[in-house]
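Same order as they appear, the protein sequences are chains A and B. The first sequence begins at 1 in this note's numbering and counts up one residue at a time. The second sequence begins at 1 in this note's numbering and counts up one residue at a time. Note that CB positions come from ideal geometry on N, CA and C, so glycine has one too. Just so you know, these numbers come straight off a predicted model, no measurement behind them. Worksheet: one structure, shown below.
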Amino acid sequence: MRQQIIVSGIGGQGVLFLTRVIAQVAVNRHVPVLTAETHGMAQRGGTVLSTIKIGAFASPLVRSGQADVGLILWEANLPVHLSLLKPDGRLLVNAVDNGPGQRIDASGVARNLGNAVLANLVLLGFALKHQALPFAAEECGLAIEQLAPGKYIEQNLKAFQSGLDYAAQAAS
Amino acid sequence: MKTELMMGNEAIARGLIEAGCQIAAAYPGTPSTEVLQAVIDFRGLATDPLHIEWSVNEKIAFEVALAGSYTGKRVATVMKQVGLNVAADPFMRTAYLGVKGGMVTVVADDPGPHSSQNEQDSRLFCLQARVPVLDPSSPAEAKSMVGKAFELSEKYELNVVLRPTTRICHSRQGVAVSAPVTLARQANFQRDPTRWAATPAFLPQLHRKLNGKLAEVASEPDWQPRRTPGTGRFPRKALIASGIVYGHLMDLLDELDLAGSIDVYQVLMPYPLSPEFVKTVRGDYDQILILEETYPVIELQLAHPGAVGKGGDHVPREGELTPDVIHQVLAAFLGLAPPAEPAAERRGQRPSLCPGCPHRTAFYSIKQCFPQGIFPSDIGCYTLGMNLGAVNTVHCMGACISQGAGFFQAYRQDGDVPTIVVTIGDSTFFHAGIPALINAVVQKVRMIVVILDNATTAMTGGQPVPHMGLLADGSSTQPIAIEALVKACGVGFLEVCDPYHQEQFENLLKQADAFTRQADGGLAVLISRHGCLMDPTVRTQQESYRVTINDKCIGCRKCVDAFECPALKMDSDGIVAAVDQDRCVGCGNCIAVCPVKAIVKEVKS
Ligand code: SF4
Ligand code: SF4
Chain A
1 MRQQIIVSGI
11 GGQGVLFLTR
21 VIAQVAVNRH
31 VPVLTAETHG
41 MAQRGGTVLS
51 TIKIGAFASP
61 LVRSGQADVG
71 LILWEANLPV
81 HLSLLKPDGR
91 LLVNAVDNGP
101 GQRIDASGVA
111 RNLGNAVLAN
121 LVLLGFALKH
131 QALPFAAEEC
141 GLAIEQLAPG
151 KYIEQNLKAF
161 QSGLDYAAQA
171 AS
Chain B
1 MKTELMMGNE
11 AIARGLIEAG
21 CQIAAAYPGT
31 PSTEVLQAVI
41 DFRGLATDPL
51 HIEWSVNEKI
61 AFEVALAGSY
71 TGKRVATVMK
81 QVGLNVAADP
91 FMRTAYLGVK
101 GGMVTVVADD
111 PGPHSSQNEQ
121 DSRLFCLQAR
131 VPVLDPSSPA
141 EAKSMVGKAF
151 ELSEKYELNV
161 VLRPTTRICH
171 SRQGVAVSAP
181 VTLARQANFQ
191 RDPTRWAATP
201 AFLPQLHRKL
211 NGKLAEVASE
221 PDWQPRRTPG
231 TGRFPRKALI
241 ASGIVYGHLM
251 DLLDELDLAG
261 SIDVYQVLMP
271 YPLSPEFVKT
281 VRGDYDQILI
291 LEETYPVIEL
301 QLAHPGAVGK
311 GGDHVPREGE
321 LTPDVIHQVL
331 AAFLGLAPPA
341 EPAAERRGQR
351 PSLCPGCPHR
361 TAFYSIKQCF
371 PQGIFPSDIG
381 CYTLGMNLGA
391 VNTVHCMGAC
401 ISQGAGFFQA
411 YRQDGDVPTI
421 VVTIGDSTFF
431 HAGIPALINA
441 VVQKVRMIVV
451 ILDNATTAMT
461 GGQPVPHMGL
471 LADGSSTQPI
481 AIEALVKACG
491 VGFLEVCDPY
501 HQEQFENLLK
511 QADAFTRQAD
521 GGLAVLISRH
531 GCLMDPTVRT
541 QQESYRVTIN
551 DKCIGCRKCV
561 DAFECPALKM
571 DSDGIVAAVD
581 QDRCVGCGNC
591 IAVCPVKAIV
601 KEVKS
């Protein structure tokens with residue numbers, strides 16, 4: 001397996017957690033994985049980007065036009081990070097309005113679950129159901145259970161499931 | 001072997017614990033912070049006793065660890081690249097005097113820079129200090145270097161620097177872990193004044209010894225550059241890389257189907273550079289491409305007439321060597337088709353102080369009271385006060401107080417002195433602000449120093465500060481009160497106020513200004529005290545309202561632009577302001593900002 005994934009958002013949206021969940025799935029499969037993350041000043045509400053490379057890679061950074069998948073939690077980042085995506089790459093966007101990529105109001109779905117921050121896992125579920133990521137839902141569920149603090153596991157799994165279900169609705 | 005997903009900084013921490021490190025001291029700073037944080041988290045694995053401390057600054061951290069090494073124990077100190085400037089004094093002398101127990105200094109560089117005031121290269125610092133430096137290319141390699149660095153340090157009795165960069169520190173990778181060694185060493189300081197207290201009389205001898213050791217270190221078999229041979233498709237050409245850039249290069253060669261077509265060298269120890277390597281490169285190649293961050297350290301030592309690197313015009317001298325940049329450079333060097341120009345870099349959304357941040361209201365009040373003031377500030381979250389127009393200078397840790405003093409002296413010579421309001425965070429105040437405050441009082445400086453006390457080192461994720469009375473592991477210690485320190489520095493005006501109480505805060509600012517202008521006045525200090533909202537207990541304990549904007553809003557943008565709470569934005573038509581309820585923490589601080597009282601609050605049910 002060789003996959004290059006970008007996760008784009010702003011500080012406070014749980015970009016790092018989503019990054020770790022995806023990387024953990026790879027680790028559980030015993031597949032090499034490298035991530036690069038934004039920490040520091042930008043985490044105070046600024047644009048943040050994570051890159052994830054699964055497979056035999058030596059560097060965690062993604063070159064322009066090389067990402068297979070883009071998970072965009074903050075729509076306004078599209079002009080900043082879209083150039084990283086392959087022309088035929090899969091693009092999943094958390095957005096209310098129409099536009100490029102497959103879209104879901106992940107923040108809205110998460111808000112209904114009680115916390116807009118869960119949009120990260122809603123988007124992950126949505127990406128899985130659309131087969132944008134080569135993972136099984138159970139694998140992601142396991143990674144979420146491994147990484148989320150105990151009292152949030154249930155809520156996180158619910159958010160992930162809502163993403164999966166949302167896609168099912170949209171498809172039917 | 002067991003593999004765990006770890007950030008580079010965590011991998012380094014794990015390496016320290018596995019190698020039997022017994023003293024780990026650091027001052028936080030991006031991108032290095034998580035190293036000590038992870039040492040704290042992993043401390044349960046250690047089999048030897050382990051002292052961990054968040055020191056007051058990097059110089060102190062270095063000196064504490066250093067003396068630990070004199071007793072024969074393994075020690076480590078961790079800092080970011082500009083932290084090494086603070087620790088430069090003991091660091092430079094340590095090269096001559098050496099160490100006993102293994103000493104590893106982790107210095108995290110920040111090419112870019114992403115979160116720093118410059119992109120200086122600690123490898124070059126090590127060259128000038130004559131300290132061996134290791135340059136890992138991945139989190140896993142960084143971890144594997146730690147144990148070997150201790151061995152190298154003990155073999156030659158030298159401090160050894162491990163230099164990860166941001167892309168190593170904040171990369172995650174599956175990293176092999178093993179059980180920590182048990183060294184069971186007892187502290188045993190061997191008195192040797194000719195070494196540990198060396199006077200100038202002994203230093204030429206120590207310097208000579210150091211140079212002899214460095215010559216041997218340079219030829220250590222474990223640390224020789226690693227060669228991946230090519231097929232000869234590019235005769236008498238070679239690629240030389242170190243650090244994360246080596247990883248970028250290998251992926252790129254792979255993607256361009258060039259893997260194994262040209263000789264590639266990975267430099268593990270950029271200083272002292274292996275003389276055998278220098279000889280090989282000079283003899284076997286006419287043209288070499290050198291890829292390193294951030295300064296031309298390997299290039300300088302190679303002094304190869306056919307070198308293409310940062311010393312010339314072909315490799316950008318500043319900024320990160322990203323895979324896209326390397327692609328351009330490599331294509332030119334090998335005569336490949338040039339890649340498409342990468343899309344012009346766009347910055348995205350700028351960071352800002354968090355919703356409800358106490359610093360925001362303090363800055364807003366300062367700007368309201370003194371629209372014409374001069375505002376020196378400092379390093380930390382509150383640098384973002386720039387967005388509110390209440391930060392005019394940001395330089396280096398603690399500089400704001402001395403800069404404020406310099407502004408005062410320069411203006412006073414001409415007569416009128418504008419109001420000077422200095423803002424400094426609590427952690428920065430302890431780090432380097434106290435000597436500057438003493439100096440300012442002694443030099444009769446009249447200005448206002450606002451100490452932004454949010455009881456944590458917020459920018460880097462909440463490490464304890466001396467007035468909290470907490471140690472790295474969460475146990476308690478003697479708290480050092482800021483008030484007592486300020487008074488002891490001879491300050492004549494001292495008040496403490498929660499900036500959430502905006503009216504009172506502004507009154508105190510005006511009183512402080514009056515004090516700086518009255519005949520028997522002087523320097524005034526106002527402590528702005530409110531916990532950091534990143535701390536969940538602060539957030540749950542403070543009052544929270546449901547804040548909304550009603551139809552009185554005239555769309556003047558004052559709340560959005562001048563106050564710039566990220567939870568406030570203009571609605572989609574850009575006509576009136578709206579509260580983003582996902583992000584609003586209900587502090588109510590924006591209410592006073594609106595000129596037409598359109599922002600209203602109700603108590604949450
Ligand atoms: S109440 Fe106002 S200042 Fe406080 S977080 Fe909400 S919008 Fe921002
Ligand atoms: S809420 Fe008040 S300050 Fe904000 S735009 Fe409307 S009128 Fe201006």
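Closer than 9 angstroms at the beta carbon, the chain A residues around residue 606 of chain B: Here chain B covers residues 1 to 605 and nothing more, so residue 606 of chain B does not appear.
Residues whose Cβ lies closer than 6 angstroms to any heavy atom of ligand 1, in chain order: Matched residues: B:355, B:356, B:547, B:565, B:567, B:568, B:579, B:584, B:585, B:586, B:587, B:588, B:589, B:590.
For residue 265 of chain B, the residue or residues it bridges with in DSSP: Residue 265 of chain B is bridged to B:227, B:240.
DSSP-derived helix/strand/coil call for residue 520 of chain B: Reduced to three states, the DSSP call for residue 520 of chain B is coil.
Which residues DSSP lists as bridging residue 393 of chain B, in chain order: B:376, per the DSSP bridge assignment.
Neighbourhood of residue 492 of chain B by C-beta, 6 angstroms cutoff - its chain only, sequence neighbours within 5 removed: 522, listed in sequence order.
Cutoff 8 angstroms: residue 672 of chain B Cβ touching any chain A Cβ: With chain B represented from 1 up to 605, any question about residue 672 of chain B goes unanswered, as that position is not in the structure.
Beta-carbon neighbours of residue 115 of chain B, restricted to chain A and to distances below 8 angstroms: Correct list: 39, 40, 41, 42.
Closer than 8 angstroms to chain B by CB, residue 3 of chain A: So no, residue 3 of chain A is outside the interface.
Residue 155 of chain A in three-state terms, based on DSSP: DSSP, read as helix, strand or coil, puts residue 155 of chain A in helix.
Straight-line Cα distance separating residue 398 of chain B from residue 480 of chain B: So the alpha carbons of these two residues sit roughly 18 angstroms apart.
Proximity winner among B:312, B:329, B:155, relative to residue 340 of chain B (alpha-carbon distances): Ranking B:312, B:329, B:155 by Cα distance to residue 340 of chain B puts B:329 first.
Cβ-heavy atom distance, residue 615 of chain B to ligand 2, below 7 angstroms: Since the displayed chain B opens at 1 and closes at 605, residue 615 of chain B lies outside it and no answer follows.
Under 8 angstroms between C-beta atoms of residue 19 of chain B and residue 39 of chain B: Contact: no.
Cut-off 8 angstroms between Cβ atoms - residues of its own chain near residue 257 of chain B, not counting five sequence neighbours on either side: None.
Contacting positions in the segment 174–186 of chain B - beta carbon closer than 8 angstroms to chain A: Cβ contacts with chain A come from 174.
Residues near residue 80 of chain A by beta carbon distance below 7 angstroms, same chain, minus five either side: Answer for residue 80 of chain A: 47, listed in chain order.
DSSP beta-bridge partners of residue 463 of chain B: Bridge partners of residue 463 of chain B: B:457.
Other residues of its chain near residue 137 of chain A: CB distance less than 7 angstroms, five sequence neighbours each side excluded: So the qualifying residues of the chain are 128, 164.
Extent of the continuous alpha helix (DSSP H) run through residue 195 of chain B: Element bounds for residue 195 of chain B: 193–196.
Any non-hydrogen atom of ligand 2 closer than 7 angstroms to residue 553 of chain B Cβ: Yes - ligand 2 has a heavy atom lying nearer than 7 angstroms to the Cβ of residue 553 of chain B.
Residue(s) in a DSSP beta bridge with residue 271 of chain B: As DSSP reads the structure, residue 271 of chain B sits in a beta bridge with B:133.
Within 8 angstroms, strictly: CB atoms of residue 153 of chain B and residue 99 of chain B: Their beta carbons are under 8 angstroms apart, which means residue 153 of chain B touches residue 99 of chain B by this criterion.
Check: residue 360 of chain B C-beta below 7 angstroms from any heavy atom of ligand 2: If you check the C-beta of residue 360 of chain B against ligand 2, you find no heavy atom less than 7 angstroms away.
Proximity winner among B:138, B:139, B:134, relative to residue 148 of chain B (alpha-carbon distances): Of the residues B:138, B:139, B:134, the one whose Cα lies closest to the Cα of residue 148 of chain B is B:134.
Distance, residue 235 of chain B Cα to residue 651 of chain B Cα: Not covered by the structure: residue 651 of chain B. The range shown for chain B is 1 to 605.
Rounded separation between residue 158 of chain B and residue 426 of chain B - CA only: For the pair residue 158 of chain B and residue 426 of chain B, the Cα-to-Cα distance works out to about 35 angstroms.
Top-ranked residue by Cα proximity to residue 613 of chain B, from B:434, B:453, B:420, B:137: Because chain B here runs from 1 to 605, residue 613 of chain B falls outside it and cannot be looked at.
Distance cut-off 7 angstroms: residue 367 of chain B Cβ against heavy atoms of ligand 2: No; taking the cut-off as 7 angstroms, the Cβ of residue 367 of chain B has no heavy atom of ligand 2 nearer than that.
Residue 558 of chain B in three-state terms, based on DSSP: In the three-state reduction of the DSSP assignment, residue 558 of chain B falls in the helix class, which pools H, G and I.
Contact set between the segment 405–434 of chain B and chain A, restricted to residues whose Cβ is under 8 angstroms from the partner: So the list is empty, because no residue satisfies the distance condition.
6 angstroms CB neighbourhood of residue 248 of chain B in its chain, flanking five on each side removed: Hits under 6 angstroms: 323, 326.
Cβ-based burial, residue 45 of chain B [other Cβ within 10 Å; buried from 16]: Counting C-beta atoms within 10 angstroms of its own C-beta, residue 45 of chain B has fewer than 16 neighbours from the protein chains shown and is therefore classed as exposed.
Assigned exposure category for residue 463 of chain B - 16 Cβ within 10 Å defines buried: Answer is buried; the Cβ neighbour count reaches 16.
Counted within 10 angstroms of its Cβ, other Cβ atoms place residue 4 of chain B as buried (16 or more) or exposed: Counting Cβ neighbours within 10 Å, residue 4 of chain B comes out exposed, since fewer than 16 surround it.
Same chain, Cβ closer than 7 angstroms to residue 548 of chain B, five either side skipped, listed in chain order: Answer for residue 548 of chain B: 579, 600, listed in chain order.
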